[in-house]
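Written below as structure tokens is the structure these notes are about.
Numbering (our numbering), first residue to last: -1 to 174.
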């Protein structure tokens, strides 16, 4: 009886992991498809990459959805959000993005989720997706830090100025 319970439990976890993994691989796009930026994986990510759910059509529900399916989709969204929020609190930015992307694939969103993903993208050096996240957070009504997007733009302006200064210095050193 105990072995039967354990085998059922293992099968349930394997099914859930396979479902999450299949979503992850299904959402990745090749660079030849021209669907925007696919970012290089960070050093601590074991070579995995993430993708952005930029348009609701990316995750369109193709089959008619029953009430039970809708409830299950909402529950999965909540579970992925909780995992993304936990990862954000631990400053695990890569997993914040992957769980956040999985949550967005369920066709729900929250302003906090967009904001946490934006901060995570910025921390990992993906400034294009960080800008997208900040914009979406502000459009969704993120109120906790109303100047977050403006602050991000100022940091990007300062970053570009610093890069320009470093290039000029390198050019001067080369000429000497």
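Glycine included, each C-beta is placed from N, C-alpha and C at the ideal position.
The same chain holds no residue with a CB closer than 6 Å to that of residue 170 once the five nearest residues on each side in sequence are set aside. Bounds of the alpha helix (DSSP H) holding residue 159 are 146 to 173.
Close CB contacts of residue 95 within its chain, under the 7 Å cut and outside five residues either way in sequence, are with 48, 115, 118 and 119 (chain order). Collapsing the DSSP output to three states places residue 67 in a helix. Scanning 125, 80, 167 and 92 for the CA closest to the CA of residue 153 turns up 125. Per DSSP, residue 111 is one residue of the alpha helix (DSSP H) stretching across 109 to 121.
Residue 143 sits in coil when the DSSP states are folded into three classes, being neither helix nor strand.
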